[in-house]
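In my numbering, the protein residues as written are 30 to 395.
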């Protein structure tokens, strides 16, 4: 055999040895290889809170359909829809020409009666002096006194007539009964309106409430002063703190619910009557149970709910699947009715693709 052939066989044998060694090295796992990194949290005993979610509407504490006190033609309309008004502001003026004339007549009557009374008093004073000197008969003096009494009564009558005329004149002006915003205008200039005809609608903007309809089963568990977390649908992401102001103990027979009125702190919130709102009522469930973070639960297509429990520590850490029965959820936690004891570490991050008995590396805890 030539030297070249011997060299070729030697190179081939070396190549086969290298390939075999490489294959063995590839197929053999590294000793002490770490499993996937996970974040864990420990199950614990805690008082269970029931979160009741209900919907409602922002309402005004005062709302009024305004009507004139007397009939008349609309002579001036001082506001429009959306106008903000203060208590006592003039909203509508009716034609008051006849009422002003009546007031002038009444004022003239007061002046006339006042002058008559002054004259009667002057004559009664003179008569008293004459009667004391027996210059006139006693009956004549009594007649003068009677005139003073009659003229005094007449003056009072004329003053009452003037006040009535003044009141009738003032009733031709429709004023705002409270601070608010005009939500509807139901009349126009020149229209004839009478008592009972709605002219304007006024809604208060301060001290707003949120009215909630709550299922009747929760009535015994609610009390004034309880905190309520509100969210306005028109302001997503904005949480508003409120408290129960009133519980209306009249159930809606159709919906089997009752009215819960929630007061909102502050008048500077961007909310207005008519907005829809949702609320979360936190109610004590009256029991303590094992709870875990919501992220620990895995829900399967067959209806099972499981968690991955971490057993052992360090390099020996392994995961074991536990089937659990969840209960109420609250504050990012879930009540565990059955299947888990307190003090168990469960995986809350990195639990999507674990396998039974798989080694894991605990990277942190919540």
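Glycine is no exception: its CB is placed at the ideal position from the N, C-alpha and C atoms.
Could you spell out the range, first to last residue, of the alpha helix (DSSP H) harbouring residue 306?
It is not in any alpha helix (DSSP H) - residue 306 instead sits in the beta strand (DSSP E) that spans 305–322.
Comparing C-alpha positions only, which one of 86, 151, 273, 258 sits nearest to residue 267?
When each option's Cα is compared against that of residue 267, the closest is 258.
Please classify residue 291 as buried or exposed, where buried requires at least 16 other C-beta atoms within 10 Å of its C-beta.
With 16 or more Cβ atoms within 10 Å of its Cβ, residue 291 is classed as buried.
Would you say the segment 229–241 touches the segment 200–219, given that touching needs at least three Cβ pairs under 8 angstroms?
Because the criterion of three Cβ pairs below 8 angstroms is met, the segment 229–241 and the segment 200–219 touch.
Pull the bridge partners of residue 362 from the DSSP assignment, please.
Its beta-bridge partners are 322, 359.
Can you list, in chain order, the residues of its chain whose CB lies under 6 angstroms from that of residue 325, leaving out five sequence neighbours each side?
Result list for residue 325: 336, 375, 377, in chain order.
Could you give the C-beta distance for residue 310 and residue 83, rounded to a whole number, given that I count them as a contact under 8 angstroms?
The pair is a contact, with the Cβ atoms about 7 angstroms apart (cut-off 8 angstroms).
List the whole-angstrom C-beta distance separating residue 99 from residue 123, where the pair is believed to meet the contact cut-off of C-beta under 8 angstroms.
Right, the Cβ-Cβ distance comes to about 7 angstroms (below 8 angstroms), so this counts as a contact.
Mind checking whether residue 343 and residue 66 have CB atoms under 8 angstroms apart?
No, they are not a contact pair.
Around the Cβ of residue 168, are there at least 16 other Cβ atoms within 10 angstroms (buried) or fewer (exposed)?
Exposed is the call here.
Starting from residue 80, follow its DSSP beta bridges and name the residues at the other end.
Residue 80 is bridged to 311.
Here's a check: name, in chain order, each residue in its chain whose Cβ is nearer than 6 angstroms to the Cβ of residue 371, leaving out the five neighbours to either side.
These residues qualify, in order along the chain: 72, 73, 74, 319.
Buried or exposed: which applies to residue 441, given that a residue is buried once 16 or more other Cβ atoms fall within 10 Å of its Cβ?
With the chain running from 30 to 395 in the structure shown, residue 441 is simply not present.
How is the alpha helix (DSSP H) around residue 181 delimited, first residue to last?
167–199 is the span of the alpha helix (DSSP H), which, as asked, contains residue 181.
Skipping 5 residues on each side, what residues in its chain have a beta carbon closer than 7 angstroms to that of residue 248?
Correct list, in chain order: 287.
Kindly indicate which three-state DSSP category residue 140 falls into: helix, strand or coil?
Helix at residue 140.
Whose C-alpha, out of 383, 120, 187, 166, is nearest the C-alpha of residue 106?
That would be 120, whose Cα lies nearest to the Cα of residue 106.
The beta strand (DSSP E) with residue 389 in it runs from where to where?
Where residue 389 is concerned, there is no enclosing beta strand (DSSP E), given that its DSSP letter is neither H nor E.
Span of the beta strand (DSSP E) holding residue 290?
Its beta strand (DSSP E) spans residues 286–293.
Taking the C-alpha atoms as reference points, what is the distance between residue 289 and residue 301?
Near 18 angstroms, if we compare the C-alpha coordinates of residue 301 and residue 289.
Going by Cα to Cα distance, which pick from 118, 104, 125, 275 is closest to residue 198?
That would be 125, whose Cα lies nearest to the Cα of residue 198.
For residue 203, which of 306, 355, 86, 94 has the nearest alpha-carbon?
Answer by Cα proximity: 94.
Between the Cα of residue 108 and the Cα atoms of 118, 225, 194, which residue gives the shortest distance?
Closest by alpha carbon: 118.
Could you have a look at residue 131 and say whether DSSP puts it in helix, strand or coil?
In this structure, residue 131 counts as helix in the three-state DSSP scheme.
Can you give me the Cβ contacts of residue 102 inside the same chain, cut-off strictly under 6 angstroms, excluding the 5 residues immediately before and after it?
Here the set comprises 124, 221.
Can you round the beta-carbon distance between residue 87 and residue 306 to whole angstroms, since I take them to be within the 8 angstroms contact cut?
Their Cβ separation, rounded to whole angstroms, is 6 angstroms, which keeps residue 87 and residue 306 in contact under 8 angstroms.
Between residue 395 and residue 113, what straight-line distance do the alpha-carbon atoms span, to the nearest angstrom?
Cα to Cα, residue 395 sits roughly 52 angstroms from residue 113.
Could you tell me the distance, in whole angstroms, from the CA atom of residue 69 to the CA atom of residue 252?
Taking the straight line joining both Cα atoms gives about 38 angstroms.
Curious, which full-length alpha helix (DSSP H) runs of at least 4 residues does the segment 224–286 contain?
Correct list: empty.
To the nearest whole angstrom, what separates the beta carbons of residue 338 and residue 348, a pair I think is in contact under 8 angstroms?
That pair is a contact at about 7 angstroms.
Rounding to the nearest angstrom, what Cα-Cα distance links residue 239 and residue 293 in this structure?
Rounded to whole angstroms, residue 239 to residue 293 spans 8 angstroms at the Cα level.
In whole angstroms, what is the alpha-carbon distance linking residue 156 and residue 188?
Residue 156 and residue 188: Cα-Cα distance of roughly 27 angstroms.
Count the other C-beta atoms from every protein chain shown that fall within 10 angstroms of the C-beta of residue 38, then say buried if there are 16 or more, exposed otherwise.
With a pLDDT of 49 at residue 38, under the threshold of 50, the modelled position of this residue cannot be trusted, and the question is left open.
Would you list the one or two residues that DSSP bridges to residue 428?
This structure does not reach residue 428, given that the chain is present from 30 up to 395, and the question cannot be answered.
Can you list, in chain order, the residues of its chain whose CB lies under 6 angstroms from that of residue 91, leaving out five sequence neighbours each side?
Closer than 6 angstroms at Cβ, skipping near neighbours: 207, 233.
Is the beta carbon of residue 137 less than 8 angstroms from the beta carbon of residue 180?
No, they are not a contact pair.
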